[in-house]
Amino acid sequence: MLTGAAGWGASARAADTEGTPVKGGTLIYLEQQPHTNLYPPAGGFYPNGGILNQITDKLTYQNPKTLEIEPWIAESWTVNADATEYTFKIRTGVTFSDGTPLDAAAVAKNYDTFGRGNKDLKLPVSEVINNYDRSEVIDPQTVKFSFKKSSPGFLQGTSVIGSGLVSPATLALPYEALGDATKIIGSGPFVVASETLGRELTLKARPDYNWGPAKLEHQGRAYLDAIKYIITSEDSVRIGALLAEQADIIRQIQAYDEKQVEDEGYLIHAPSTRGVNNSVVFRPDNPLVADLRVRRALLHATDTDEIVSTLFSAHYPKATSIIARTALGYVDLSPKLSYDLEKAKALLDEAGWKAGQNGLRQKDGQPLELTAYESLPQPQNKETLQLVAQQWGKVGVKLNVLTADSGSTTLNNLDPAKAPVSPAMVGRADPDVIKSQYYPTNRNVLLQKGGTSDKVQSFVDEKLNTLLEQLASEPDREKRLAIAGDVQNYVVDQAYAIPIFEEPQAFAAAPYVKGVSFEAVGRPSFYDTWLARRR
Amino acid sequence: MPQYVIGRVGQAALVLWSAFTVSFVLLQALPGDAILIKFLNPELGLGPDQIAEIRASYAADAPFWAQYLHTAANFLTGHFGYSIQAGVPVSDLLLANLPPTLWLATLGFLLAVVLAVSISVASALLPVSWLRSLIQSVPSLFVATPVFWLGILLIQVFSFQFKLIPVIDPGPWEALLLPVLTLAIPISAPLAQILMRNIDDVMTEPFAAVARAKGASHHWVLWRHVAKNALLPTLTIGGILFGELLAGAVVTEAVFGLNGIGGLTQRAVGSQDIAVLQALVVFSALAFVFINLTVDLLYPVFDPRLRTTQGAVA
Chain A
1 MLTGAAGWGA SARAADTEGT PVKGGTLIYL EQQPHTNLYP PAGGFYPNGG
51 ILNQITDKLT YQNPKTLEIE PWIAESWTVN ADATEYTFKI RTGVTFSDGT
101 PLDAAAVAKN YDTFGRGNKD LKLPVSEVIN NYDRSEVIDP QTVKFSFKKS
151 SPGFLQGTSV IGSGLVSPAT LALPYEALGD ATKIIGSGPF VVASETLGRE
201 LTLKARPDYN WGPAKLEHQG RAYLDAIKYI ITSEDSVRIG ALLAEQADII
251 RQIQAYDEKQ VEDEGYLIHA PSTRGVNNSV VFRPDNPLVA DLRVRRALLH
301 ATDTDEIVST LFSAHYPKAT SIIARTALGY VDLSPKLSYD LEKAKALLDE
351 AGWKAGQNGL RQKDGQPLEL TAYESLPQPQ NKETLQLVAQ QWGKVGVKLN
401 VLTADSGSTT LNNLDPAKAP VSPAMVGRAD PDVIKSQYYP TNRNVLLQKG
451 GTSDKVQSFV DEKLNTLLEQ LASEPDREKR LAIAGDVQNY VVDQAYAIPI
501 FEEPQAFAAA PYVKGVSFEA VGRPSFYDTW LARRR
Chain B
536 MPQYVIGRVG QAALVLWSAF TVSFVLLQAL PGDAILIKFL NPELGLGPDQ
586 IAEIRASYAA DAPFWAQYLH TAANFLTGHF GYSIQAGVPV SDLLLANLPP
636 TLWLATLGFL LAVVLAVSIS VASALLPVSW LRSLIQSVPS LFVATPVFWL
686 GILLIQVFSF QFKLIPVIDP GPWEALLLPV LTLAIPISAP LAQILMRNID
736 DVMTEPFAAV ARAKGASHHW VLWRHVAKNA LLPTLTIGGI LFGELLAGAV
786 VTEAVFGLNG IGGLTQRAVG SQDIAVLQAL VVFSALAFVF INLTVDLLYP
836 VFDPRLRTTQ GAVA
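Which chain is which? The protein sequence lines are A and B, in order.
Numbering-wise (this note's numbering), the first sequence opens with residue 1 and increments by one.
Numbering-wise (this note's numbering), the second sequence opens with residue 536 and increments by one.
Encoded structure:
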């Protein structure tokens with residue numbers, strides 16, 4: 001099977017390729033949180049991606065092993081030299097589950113919506129599409145997209161969950177109606193059969209499905225008859241239910257529970273999300289961390305080895321750059337990320353922060369005391385931040401770790417005065433992901449001026465922004481990867497971010513669940529999945 | 536009498552309107568709003584211009600009074616708006632979450648009453664004194680049991696260990712069995728304590744002594760005289776416990792993965808999903824008003840002393 005184990009964790013072994021696939025059966029999938037709005041560009045949220053990846057197809061397929069872009073709904077494509085025009089040849093005979101043909105017109109409508117948004121329907125623009133201008137239907141099976149500026153990341157952008165193709169009927173609905181999964185009409189191997197809001201979702205296989213990614217060995221309909229998603233928020237209940245054979249696969253298993261599951265002969269799948277690593281970032285607009293020496297001191301005061309070995313498992317590799325080792329354009333920056341307490345102390349001394357009476361460093365009577373808000377979706381984020389706080393305590397810096405509801409966290413995190421330190425990560429298997437993370441008008445994790453936060457006083461890093469713009473618009477692949485390397489070096493040299501670990505999405509599955517595969521950023525695909533022992 | 540009913544209904548409407556207005560003002564005073572939180576969330580990676588456009592399309596920056604009147608008019612016509620976070624109409628969310636909570640709370644409360652009565656009757660009637668004191672300590676044990684822990688324990692034992700009741704994909708009654716038990720046990724504790732105390736008190740009343748002196752048995756006195764007198768204050772407390780019942784339901788819903796108002800409220804608070812919160816407040820007020828109105832109108836039916844004077848108006 002093409003979607004082999006090599007791309008992700010070690011413990012999936014060769015289980016996937018044993019035996020001949022058996023048709024039929026219902027896969028019981030335990031999900032931690034209910035899905036939210038299923039407008040495809042919102043597919044980044046783990047529960048959303050886990051559904052959208054079964055019910056929608058994409059224009060192209062990113063091979064999770066090689067990260068190459070392969071044909072899927074598009075049979076072939078051409079890109080002009082400066083990556084401002086993309087022409088796709090659409091496969092014939094593909095239909096959405098409501099019977100509408102998936103042709104050039106439907107693709108054009110999808111991308112016009114994702115690339116420009118739709119004000120009347122309140123549909124936002126997709127994060128992965130940069131510089132979009134317009135589409136042009138050349139013939140029923142050919143569509144051409146034009147861009148205002150070079151958009152080299154677009155081809156990969158056509159392969160991600162957020163670019164799942166949906167029926168024109170779905171795109172005619174307002175944003176507020178798209179949380180109802182039954183309204184999301186795709187062309188994927190599964191179709192939403194029924195939904196109990198917040199509790200349960202059932203997908204049925206589409207018997208006439210015959211347009212899987214061209215290079216996959218498996219063609220035709222999915223092996224499973226159905227998939228049942230059941231929301232089970234409590235960790236111990238999910239694991240208990242899996243081991244008691246009431247469920248087949250569960251999403252979100254904590255590193256400390258892995259051993260129990262593996263001891264029983266169950267499998268941990270921990271596909272990498274392959275983007276910007278789970279990191280701690282600084283907001284230099286806050287005067288306390290405006291000094292490069294302070295940030296560098298804290299970088300060297302952070303013992304990533306200790307965090308990974310204490311809180312996580314082998315499925316959470318230690319970060320050696322701001323992006324994952326398996327990401328495109330990765331460069332190894334381990335020498336710059338060393339743990340060195342003496343260096344950290346020297347840097348703080350040099351910056352004028354002297355140890356006070358209570359061991360806390362002070363300057364002009366002000367203590368070096370910082371705050372970070374826990375990020376609820378990231379694995380053991382609070383524990384991670386608390387361990388970082390302990391480590392920084394050794395050099396006389398205090399880090400307060402606060403927990404709040406997701407609303408307050410989002411708002412406080414936009415204020416450099418309230419959150420000078422913040423956890424951050426994002427997954428996408430294209431160098432554009434670096435721009436997504438740091439650029440002011442995208443996720444803007446460093447809180448530069450010009451972004452969504454109105455609390456930023458003055459911080460802007462023109463050099464960083466120029467590099468990020470080049471990264472998103474350099475059509476030459478080699479040059480683009482070189483720029484990706486430059487950005488990684490620059491962010492670490494400026495100590496804007498302290499990369500901690502490469503974040504996987506962790507699943508546990510019964511041994512008889514075969515052929516579970518994952519797309520390039522760790523969302524599960526059940527197209528190839530079959531149950532070796534009927535339930 | 537019609538005047539009394541009209542007055543009561545008028546009062547109820549006033550309470551509802553106040554609940555709506557106060558919650559509207561408070562929810563507007565929150566530092567953020569659902570649109571901000573949903574779209575500022577880095578998950579979507581939108582730029583400031585795009586967010587400004589979306590805010591404008593939701594009329595999120597309209598004047599306070601315009602928003603208030605708009606929302607009030609919508610509520611009056613039965614339109615509760617959309618949940619920004621979940622992406623579905625609020626009425627769909629209420630339909631999916633109200634019935635399970637009502638079932639859970641009602642059955643949990645009934646079972647709690649059954650448990651409380653059994654415990655207190657056993658403690659009053661058991662002939663062996665050490666057994667009696669053992670039973671009397673049960674409520675303290677129950678009240679000290681965390682709902683969360685109890686739920687997990689019941690699942691581990693009955694579902695995972697003995698495989699009697701599936702917790703995943705159960706039938707409609709199987710789905711309620713363990714959650715109802717989880718909810719009933721801690722709720723039964725204060726009920727049982729009050730019931731036991733009342734039985735003891737009433738037992739020492741002169742009329743009980745008189746009944747016994749006339750040759751009545753212990754059982755006869757308990758059932759004919761004491762029970763009736765001890766049950767009324769217990770049921771009054773039971774009403775007050777209803778709030779606790781809903782709080783316990785939040786945890787129970789989470790542990791058993793059930794749909795319900797508790798979980799819905801929790802998620803709506805987390806994402807400041809104002810449309811959902813506004814509807815929840817109004818619905819809670821409606822439930823409260825309805826229960827009180829029913830009690831008020833039924834009072835004369837139950838208490839003969841109130842029938843002649845229509846004293847309930849006072």
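All residues carry an ideal CB built from backbone N, CA and C; glycine is no exception.
- Looking at A:Glu-136, A:Pro-475 and A:Gln-141, the one whose alpha-carbon comes closest to that of Ala-83 of chain A is A:Pro-475.
- Inclusion of Ala-520 of chain A and Pro-64 of chain A in the CB contact set at 8 Å is warranted, their separation being smaller than that value.
- Per DSSP, the continuous alpha helix (DSSP H) segment holding Val-492 of chain A begins and ends at 477–493.
- Against chain B, a Cβ distance below 8 Å from Ile-231 of chain A picks out Gly-792.
- In the DSSP assignment, Asn-118 of chain A is bridged to A:Leu-123.
- One thing to note: Glu-306 of chain A has its Cβ within 8 Å of the Cβ of Leu-387 of chain A.
- Bounds of the alpha helix (DSSP H) holding Lys-259 of chain A are 258–263.
- Excluding residues up to 5 positions away in sequence, Leu-121 and Lys-183 lie with their Cβ nearer than 8 Å to the Cβ of Leu-173 of chain A in the same chain.
- Between the C-alpha atoms of Asn-48 of chain A and Asn-37 of chain A there is a straight-line separation of about 8 Å.
- Among the bridge pairs identified by DSSP, Tyr-29 of chain A is matched with A:Tyr-229 and A:Ile-249.
- In this structure, the CA atom of His-605 of chain B is about 19 Å from the CA atom of Gln-807 of chain B.
- Per the Cβ contact rule, the region 789–797 of chain B is in contact with the region 233–253 of chain A (3 or more Cβ pairs under 8 Å).
- Per DSSP, the unbroken beta strand (DSSP E) holding Asp-133 of chain A starts and ends at 132–139.
- For Val-79 of chain A, the uninterrupted beta strand (DSSP E) segment begins and ends at 74–79.
- Residues of the region 169–198 of chain A whose Cβ lies closer than 8 Å to any Cβ of chain B, in chain order: Tyr-175, Glu-176, Ala-177, Leu-178, Gly-179, Asp-180, Thr-196, Leu-197 and Gly-198.
- Taking C-beta separations shorter than 8 Å and ignoring five residues to either side along the sequence, the partners of Glu-709 of chain B in its chain run Ile-700 and Pro-701, following chain order.
- Burial check for Asp-103 of chain A: the Cβ neighbour count within 10 Å reaches 16 or more, so the residue is buried.
- Around Ser-76 of chain A, no beta-carbon contact reaches into chain B at under 8 Å, the shortest distance being about 30 Å.
- The beta carbon of Asn-37 of chain A sits closer than 8 Å to some beta carbon of chain B.
- The secondary-structure analysis by DSSP pairs Gly-186 of chain A across a beta bridge with A:Val-166.
- For Lys-149 of chain A, the secondary structure class from DSSP, reduced to helix, strand or coil, is coil.
- Runs of alpha helix (DSSP H) with 4 or more residues, each lying fully within the region 679–766 of chain B, are found at 682–689, 707–738, 741–748 and 753–756, listed in chain order.
- Judged by pairs of C-beta atoms under 8 Å, the region 515–529 of chain A does not touch the region 434–442 of chain A, as fewer than three such pairs exist.
- Neighbours of Ala-247 of chain A across chain B, judged by C-beta separation under 7 Å: Ile-703.
- It is roughly 57 Å from the alpha-carbon of Pro-271 of chain A to the alpha-carbon of Leu-549 of chain B.
- Of the other Cβ atoms in all chains shown, 16 or more fall within 10 Å of the Cβ of His-269 of chain A; this residue is therefore buried.
- Listed by position along chain A, the residues whose Cβ is nearer than 8 Å to that of Tyr-593 of chain B are Lys-122.
- In the structure shown, Thr-452 of chain A adopts coil according to DSSP, grouped into three states.
- In the three-state DSSP reduction, Thr-20 of chain A falls in the coil class, being neither helix nor strand.
- Looking at the DSSP output, Ser-618 of chain B sits in a beta bridge with B:Val-623.
- Using a C-beta cut-off of 8 Å, the region 248–260 of chain A makes no contact with the region 406–423 of chain A, since fewer than three inter-stretch Cβ pairs fall below that distance.
- With distances taken between CA atoms, Val-715 of chain B lies nearest to B:Gly-643 out of B:Asn-733, B:Gly-542, B:Gly-643 and B:Pro-705.
- In the structure shown, the three-state DSSP call for Gln-457 of chain A is coil.
- Taking C-beta atoms as the reference points, Leu-328 of chain A and Leu-67 of chain A count as a pair closer than 8 Å.
- For Asn-48 of chain A, the enclosing alpha helix (DSSP H) covers residues 46–55.
- Interface residue (Cβ-Cβ distance to chain B less than 8 Å): Glu-234 of chain A is classified as such.
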